[in-house]
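Participant: Please find one structure pasted underneath; my questions will follow.
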Amino acid sequence: MDKESYVKFETPELTEKKLLDLVENSFRSGKIKKGTNEVIKSIERGESKIVVIAEDVSPPEIVYYLPMLCEEKKVPYAYVKKRSDLGSKVGIASAASVSVTDFGKSEDVYKQILEEISSVKKGLSDQSGGR
């Protein structure tokens, strides 16, 4: 199993930077869940505003089902290239995934990210013939 099995789309570089900033700001206000088990719980409880998944997770089974769970629960999600980048924003060495449960004063950035992710995903479904 490789990352292609769970990475459903590529997050544009600028969007990824905004996403990491959002994660960092949310972490400062104490409103994130880190670690895949905590992320899953926050999705299932309806607390997640957005889930961020690293692309370089090994083994990929750790986060394999997160995109499907997010889609099932209608939670937006996006990817960042490196788990070390994601971890550094939440005060740990590396993080496979985080869930932002409150974005605080970053609502504008959050909305921009959602629009950008939505347009990337829409582009993909247009390419695949609307699935």
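Basically the numbering used here = 1-based index in the sequence shown + 702.
In this text, a Cβ means the ideal position worked out from N, Cα and C, and glycines have one as well.
1) Taking the beta carbon of K720 as the centre, do at least 16 other beta carbons fall within 10 Å, making it buried, or is it exposed?
2) Contact defined as beta carbons within less than 8 angstroms: I believe V753 pairs with C772. What is the distance between those atoms, to the nearest angstrom?
3) Helix, strand or coil for S801? Go by DSSP, reduced to three states.
4) I755 bridges to which residues according to DSSP?
5) Using C-beta distances below 7 angstroms, list every residue in its chain close to G793, excluding the 5 sequence neighbours before and after it, in chain order.
6) Where does L724 fall in DSSP's three states?
7) Tell me whether K735 sits in a helix, a strand or coil according to DSSP, three-state version.
8) What would DSSP say about P762, mapped onto helix, strand or coil?
9) Among the residues of its own chain, which have a CB less than 6 angstroms from the CB of K775, if the five just before and after it don't count?
10) On a Cα-Cα basis, can you pick out the residue from A756, K743, E740 that is closest to F711?
Facilitator: Let me lay it out:
1) The residue labelled residue 720 in the question sits at position 18 within the sequence shown. K720 is buried by the Cβ-count criterion.
2) In the sequence shown, counting from the first residue as 1, residue 753 sits at position 51. In the sequence shown, counting from the first residue as 1, residue 772 sits at position 70. Contact flag correct, Cβ pair sits at about 5 angstroms.
3) Within the sequence shown, numbered from 1, the residue matching residue 801 stands at position 99. If DSSP states are grouped into helix, strand and coil, S801 belongs with the strands.
4) The sequence position of residue 755 within the sequence shown is 53, counting from 1. The secondary-structure analysis by DSSP pairs I755 across a beta bridge with Y781, S799.
5) Within the sequence shown, the letter at position 91 stands for residue 793. Closer than 7 angstroms at the Cβ level, and outside the excluded window around G793, lie F729.
6) Your numbering for residue 724 matches position 22 in the sequence shown. If DSSP states are grouped into helix, strand and coil, L724 belongs with the helices.
7) For this step, residue 735 is matched to residue 33 along the sequence shown. Here K735 sits in strand by DSSP.
8) Within the sequence shown, the letter at position 60 stands for residue 762. Note: P762 maps to helix in three-state DSSP.
9) Residue numbering aside, residue 775 sits at position 73 when the sequence shown is read from its first letter. I745, listed in sequence order.
10) To locate residue 711, count along the sequence shown from 1; it is residue 9. When C-alpha distances from F711 are compared across A756, K743, E740, the shortest belongs to A756.
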